[in-house]
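Please read the structure below before turning to the comments.
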Amino acid sequence: MPSRDELTARYRQWDNDHVWHPFTPMQAHCQEEVPIITAAEGFELIDTDGHRYLDGVSSLWCNVHGHRVPEIDQAIRDQLDQFSHSTLLGLGGVPSIELAKDLVGRLPKGLTRVFYSDSGATAVEAAIKIAYQYQQQRPGGDTSRDRFVTLGNAYHGDTIGSVSVGGVELFHGVYKRLLFPTFQVPSPVAYRTPEGHNPQSYLEFCFDELERTFCESGDRVAAMIIEPLVQGAAGIQVHAEGYLKKARELTAKYGALLIADEVAVGCGRTGTFLACEQEEVVPDLVCLAKGLTGGYLPVATTVATEEVHEAFLGDPSELRTFFHGHTYTGNALGCAAALASLRLYDSRRILENVGAIAERLRRDLTPLNDDDYVGEIRQKGTMVGIELVRDKETKEPFPYGLRMGHRVTLEARKRGVIIRPLGNVVVLMPPLAMPVDLVARLVDVT
Ligand code: PLP
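In our numbering, the protein residues as written are 143 to 588.
In structure tokens form, the structure reads like this:
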């Protein structure tokens with residue numbers, strides 16, 4: 143029987159030899175002796191050495207209720223006794239039907255048609271294609287609408303389509319020549335403003351730029367895609383109030399669709415089931431993933447309105463079909479997990495806890511503003527970004543190569559907390575069901 147140390151060393155070696163980690167500088171990774179997770183309990187992850195870590199970023203923003211949740215575990219076991227997977231190409235499946243019915247009941251009125259996929263990127267990819275095809279097939283169809291309005295620093299996933307509508311130079315720059323062009327507008331955030339602007343005038347400029355883009359090119363636009371209220375991967379950038387509403391007004395006025403990418407902000411993360419609800423906006427298409435199964439299995443949805451769906455109806459010979467889908471679309475185990483997770487929102491009053499977490503975060507993080515290296519603390523609901531700067535006055539960032547956020551992450555790990563930075567931004571993203579005393583520990587360690 144190998145000792146714990148031997149077991150850890152063996153797994154580290156195999157990890158270094160064979161596993162190519164996402165978004166990870168592999169050479170540095172192999173020298174870092176990362177924890178190898180072997181179990182989890184509640185809000186903690188446990189590694190092969192037996193160390194316990196608070197899951198401070200919800201296992202990359204998807205864990206909602208904690209780990210090994212009895213109700214979700216049981217729902218998956220029950221589904222295993224029925225069937226694990228069957229295609230949705232030409233067949234129905236009880237779990238995907240029940241999940242769609244439940245989910246539609248939680249969404250703003252009008253969003254009724256659920257298209258399944260398996261990640262945030264694929265949900266966005268489907269939305270892009272649906273919007274493009276919709277414009278051609280709607281009454282009075284228009285083949286010239288081949289552009290998307292996108293935001294600077296947006297992140298919508300890693301497939302070529304979702305990268306095309308993204309704007310994080312660090313992730314996307316290298317693929318530029320593979321991508322389709324978009325009308326990119328500046329995102330309405332004002333921590334750093336271009337010369338000649340103060341925060342107020344810069345935000346006005348962002349609103350005006352959006353309007354100008356639609357005025358000049360609205361007839362070319364298939365859809366605008368936006369992360370409602372908060373751009374997550376951009377560093378938890380919270381949008382100016384009213385921007386989403388403005389986007390809705392302009393898309394409606396110019397005949398473009400509004401795609402709400404709620405992959406990060408949806409499923410209650412910002413305090414309402416959809417972030418869009420906070421500006422009373424109903425999009426034409428909404429993408430959900432991450433939190434949908436409570437962080438258990440990869441299920442995503444692109445939910446459309448009746449009007450959008452109708453454009454895909456007709457005799458098969460008319461070729462109005464949405465020719466898109468994946469082998470595991472609507473996977474039965476994943477849908478059963480998602481349904482069990484959604485029911486816990488009601489029985490455990492998850493959104494109330496989101497409010498309590500948000501309040502506690504706000505209170506406990508306030509003193510950090512006095513730290514010389516904290517440039518800005520941004521928060522929306524349970525999403526927090528603490529931007530570290532070299533100079534508080536000038537807002538000069540730390541050079542990328544210093545990996546300041548990463549260093550904080552390593553220190554936090556030594557103190558029993560797993561967090562994951564975005565460049566110089568330390569991100570806190572607790573599970574929505576985390577008790578507030580554990581949230582306080584998370585802040586304390588950070
Ligand atoms: N859209 C948003 C807003 C995201 O934050 C992410 C991931 O962080 C994605 C899409 C991509 O999701 P996935 O990693 O599941 O493909």
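From the three backbone atoms N, C-alpha and C, an ideal C-beta is built for every residue, glycine too.
Worksheet item: Gly-456: buried (16+ other C-beta within 10 angstroms of its C-beta) or exposed?
Response: exposed
Fill in: Leu-410 versus Gly-523: straight-line alpha-carbon distance, rounded
Here the sequence assigns Gly to residue 410, which means Leu is not the residue at that position. Going from the Cα of Gly-410 to the Cα of Gly-523 covers about 9 Å.
Worksheet entry | Which of helix, strand or coil DSSP assigns to Gln-173 | coil
Worksheet item: Comparing alpha-carbon positions, which option in Val-496, Glu-494, Ala-500 and Phe-540 lies nearest Val-516?
Response: Phe-540
Item to complete: Taking only the alpha-carbon atoms, compute the straight-line gap between Pro-177 and Leu-427 and give it to the nearest angstrom.
Response: 39 Å
Item to complete: Please find out if some non-hydrogen atom of the ligand PLP comes closer than 6 Å to the beta-carbon of Gly-523.
Response: no
Worksheet item: Straight-line CA distance for Ile-492 to Ala-406?
Response: 16 Å
Worksheet item: Is any heavy atom in the ligand PLP found nearer than 6 Å to the beta carbon of Ala-263?
Response: yes
Worksheet item: Does the beta-carbon distance from Arg-520 to Ile-378 come in below 7 Å?
Response: yes
Practice prompt. Assign Glu-383 to one of two classes, buried (16 or more other C-beta atoms within 10 Å of its C-beta) or exposed (fewer than that).
Written response: exposed
Fill in: Within 7 Å, strictly: CB atoms of Gly-235 and Ala-474
yes
Practice prompt. Determine the DSSP secondary structure at Phe-356, reduced to helix, strand or coil.
Written response: helix
Worksheet item: Bridge partners of Glu-346, per DSSP?
Response: Answer is none; Glu-346 lacks a bridge partner.
Discussion item. Would you call the stretch 292-299 in contact with the stretch 308-320, where contact means no fewer than 3 C-beta pairs closer than 8 Å?
Written reply: yes
Fill in: Which residues DSSP lists as bridging Leu-569, in chain order
The question names Leu, yet the displayed sequence has Val at residue 569. Answer is Gly-527, bridged to Val-569.
Discussion item. Could you check if Asp-533 belongs to the surroundings of the ligand PLP, using beta carbon to heavy atom distance under 6 Å?
Written reply: no
Practice prompt. Return the first residue and the last residue of the beta strand (DSSP E) that Val-256 is part of.
Written response: 253-259
Fill in: DSSP three-state assignment for Thr-229, whether helix, strand or coil
coil
Worksheet item: Between Gly-433 and the rest of its own chain, which residues show a CB-CB distance below 6 Å, the 5 nearest in sequence each way excluded?
Response: Cys-204, Val-206 and Cys-409
Discussion item. Rounding to the nearest angstrom, what Cα-Cα distance links Val-291 and Val-363 in this structure?
Written reply: 7 Å
Item to complete: Report whether the distance from the Cβ of Ala-431 to the nearest heavy atom of the ligand PLP is below 6 Å.
Response: yes
Worksheet item: Under the rule that 16 or more other beta-carbon atoms within 10 Å means buried, what is Cys-546, buried or exposed?
Response: First, the amino acid is wrong: residue 546 is Met here, not Cys. Its Cβ being crowded by 16 or more others within 10 Å, Met-546 is buried.
Discussion item. Alpha carbons only, please: which of Asp-488, His-193 and Ser-226 is nearest the one belonging to Thr-469?
Written reply: Ser-226
Discussion item. Just list the residues that DSSP pairs Cys-429 with in beta bridges.
Written reply: Asp-403 and Thr-444
Worksheet entry | Check whether Val-550 and Val-568 have beta carbons under 7 Å apart | yes
Item to complete: On a CA-only basis, which of Asp-159, Leu-584, Asp-514 and Thr-463 is nearest Tyr-274? Give me that one, please.
Response: Thr-463
Worksheet item: Which residue's Cα is closest to the Cα of Ala-181: Arg-194, Phe-322 and His-171?
Response: Arg-194
Worksheet entry | Through-space distance from Ala-482 to Leu-345, alpha-carbon basis | 41 Å
Fill in: For Leu-486, the nearest candidate out of Ile-188, Pro-212, Glu-535 and Trp-162 (CA to CA)
Pro-212
Worksheet item: In three-state DSSP terms, what is Ala-181?
Response: strand
Worksheet item: For the beta strand (DSSP E) that contains Lys-537, what are its first and last residues?
Response: Lys-537 -> no beta strand (DSSP E), and no H or E assigned at all.
Practice prompt. Report buried or exposed for Ala-170, applying the criterion of at least 16 other Cβ atoms within 10 angstroms of its Cβ.
Written response: exposed
Worksheet entry | Rounded Cβ spacing between Val-424 and Ala-480 (contact assumed at less than 8 Å) | About 22 Å; that fails the 8 Å criterion.
Discussion item. For a test of your reading of the model: does the CB of His-209 fall under 6 Å from any non-hydrogen atom of the ligand PLP? Yes or no.
Written reply: no
Worksheet item: Straight-line CA distance for Ala-269 to Ala-431?
Response: 13 Å
Practice prompt. Mark His-381 as exposed unless 16 or more other C-beta atoms lie within 10 angstroms of its C-beta, in which case mark it buried.
Written response: buried
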